[in-house]
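Protein chains in written order, with the working numbering: chain C, -9 to 209; chain Z, -9 to 209.
Ideal Cβ positions, reconstructed from N, Cα and C, are used throughout, including at glycine.
Only a predicted model underlies this, so the values are computations on that prediction, with no experimental measurement involved.
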DNA sequence: CCATTAAGTAACCATCAAGTTACTTGGAAT
DNA sequence: ATTCCAAGTAACTTGATGGTTACTTAATGG
């Protein structure tokens, strides 16, 4: 059977071309879909519908579903690197800061979580730049220890892991958090309360001799 | 076309019946498959193959994929409740204990993670018994605070959330942990080191006036 | 010892979803 | 002006996958 010629636009609409916008729409729709459903759960058709583009374009720009996923992750990582650098060394500020950031960007936490669950035979996406980022973070901690703002009795690696744990966990496990706190993670009251807890709890990271003031308004 | 009669066992093997064992095999295979691939990623055929049973039996015993998933979670939760109760009140012991437990039972952490990512319009699986468990845990913390083993300056809820964060995070995000620690989470050396870190760090949860000895062999 | 039922089997099917085919067309470069 | 390619479209293919049909047979209670 011969392939039948079809008009590209059966309705009279003009097909304005805009490769940049199309790419952007796909990436943005893909971020939402992947964050919501993960790689296996995400539907290419759903991404296309969400982006209001033809599915074929997705393959045109990104090759296949997996490459699209990697690109989404890569972009999000790049986006986060900026805020990663601008960060006070004082844990009483940085812990609440990181916690609030996780609250604001649930998609990010979810993406990392999906990545964690991906059967990890494959290598880390964007590994080099992330390794570099981690190295810089460790360097800052070492610096803060030397300045006496962070307890020197602990290894920087463990301190960093503990800080990440405390600030990301609630968003990563909303059901457990709700079980414990009695409120949904999305509740602003919970977020404020827990940020305040972290500010006080940050004393644990400070040298015993140099514990800062625990009241609300220091400086 | 008439349906053709087929022998149930074309090879001469005897079909020994064992409903209990069959159910058990399905649940065990499903636990592995769901922990590894999540609900969307899990394949019913893979579960059947793993369990070495006919796929039809899975539907016979559990109705459908989702009911099977819920049953797997329910059983794992029940299994964990036992170890949840047997736990010292001293954070210098309980933090490393919980951390090691997470390391040992990666499937559990992964299941919770998959559950967290499930689009949460549905209600919590086995909510009542889990709520009760959380309430008991909070009660123990309040008790320990009264006895002076835990800092009274923090709300029990926040303390519990912080403890869970510190002990579960590394297994939940192995890729981030590896990025920070330079070693895979599965590395026994890392696990020992971090357990030791948590033992020392537990001082953060103890009252300022009642900090325990930080050396390795107390008592 | 026989009827009934629960446990078991293999083949089948409908649907869904990733990826392709086979085209058309806007617009930049020659 | 005309060619050419990237951008765009709709229909199609193919394989996987959750679930079903249509049976057989071991075991158990009357």
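Within-8 Å CB hit, residue i to chain C
| i | result |
| --- | --- |
| residue 7 of chain Z | no |
| residue 105 of chain Z | yes |
| residue 109 of chain Z | yes |
| residue 47 of chain Z | no |
| residue 147 of chain Z | yes |
| residue 28 of chain Z | yes |
| residue 0 of chain Z | Note that residue 0 of chain Z scores a pLDDT of 43, beneath 50, so its modelled location is shaky and nothing firm can be said. |
| residue 156 of chain Z | yes |
| residue 65 of chain Z | no |
| residue 41 of chain Z | no |
| residue 87 of chain Z | no |
| residue 24 of chain Z | no |
| residue 31 of chain Z | yes |
| residue 4 of chain Z | Below a pLDDT of 50, predicted positions are generally treated as unreliable, and residue 4 of chain Z, at 45, falls in that range; no measurement from the model is reported. |
| residue 122 of chain Z | no |
| residue 114 of chain Z | yes |
| residue 170 of chain Z | yes |
Distance between beta carbons of residue j and residue i, contact taken as under 8 Å
| i | j | result |
| --- | --- | --- |
| residue 192 of chain Z | residue 82 of chain Z | 4 Å |
| residue 72 of chain C | residue 41 of chain C | With 8 Å as the limit, residue 72 of chain C and residue 41 of chain C do not qualify as a contact, their Cβ atoms being about 25 Å apart. |
| residue 146 of chain Z | residue 128 of chain Z | 5 Å |
| residue 16 of chain Z | residue 51 of chain Z | 6 Å |
| residue 173 of chain C | residue 180 of chain C | 4 Å |
| residue 7 of chain Z | residue 79 of chain Z | Contact doesn't hold; Cβ gap of about 49 Å is too wide. |
| residue 156 of chain C | residue 152 of chain Z | 6 Å |
| residue 194 of chain C | residue 194 of chain Z | 3 Å |
is_contact[residue i, chain Z] using C-beta, thresh 8 Å
| i | result |
| --- | --- |
| residue 197 of chain C | no |
| residue 167 of chain C | yes |
| residue 18 of chain C | no |
| residue 164 of chain C | yes |
| residue 160 of chain C | yes |
| residue 179 of chain C | no |
| residue 57 of chain C | no |
| residue 79 of chain C | no |
| residue 50 of chain C | no |
| residue 100 of chain C | yes |
| residue 208 of chain C | For residue 208 of chain C, the predicted structure reports a pLDDT of 40, less than 50, and the residue's modelled location is therefore unreliable. A value from the coordinates is still provided. It does not; no Cβ of chain Z falls within 8 Å. |
| residue 150 of chain C | yes |
| residue 142 of chain C | no |
| residue -4 of chain C | Because the pLDDT at residue -4 of chain C is just 41, under 50, the model does not fix this residue reliably, and the point stays unresolved. |
| residue 96 of chain C | no |
| residue 194 of chain C | yes |
Beta-carbon gap between residue i and residue j smaller than 8 Å
| i | j | result |
| --- | --- | --- |
| residue 170 of chain Z | residue 107 of chain C | no |
| residue 161 of chain Z | residue 96 of chain Z | yes |
| residue 140 of chain Z | residue 183 of chain Z | no |
| residue 137 of chain C | residue 102 of chain Z | no |
| residue 120 of chain C | residue 67 of chain C | yes |
| residue 105 of chain Z | residue 63 of chain Z | yes |
| residue 31 of chain Z | residue 26 of chain C | no |
| residue 148 of chain Z | residue 87 of chain C | no |
| residue 154 of chain Z | residue 159 of chain C | yes |
| residue 98 of chain C | residue 70 of chain C | yes |
| residue 45 of chain Z | residue 35 of chain Z | yes |
| residue 142 of chain Z | residue 135 of chain Z | yes |
| residue 65 of chain C | residue 115 of chain C | no |
| residue 189 of chain C | residue 85 of chain C | yes |
| residue 117 of chain C | residue 28 of chain Z | no |
Terminal residues of the alpha helix (DSSP H) in which residue i lies
| i | result |
| --- | --- |
| residue 9 of chain C | 9 to 31 |
| residue 75 of chain Z | 55 to 75 |
| residue 48 of chain C | 45 to 52 |
| residue 35 of chain Z | 34 to 41 |
Length at least 4, wholly inside the segment 82 to 122 of chain C: the alpha helix (DSSP H) runs in chain order
Annotation: the segment 82 to 122 of chain C contains the following complete segments of the alpha helix (DSSP H) (minimum length 4 residues), in chain order: 96 to 107.
Continuous alpha helix (DSSP H) assignments of at least 4 residues falling wholly in the segment 148 to 178 of chain C
164 to 171
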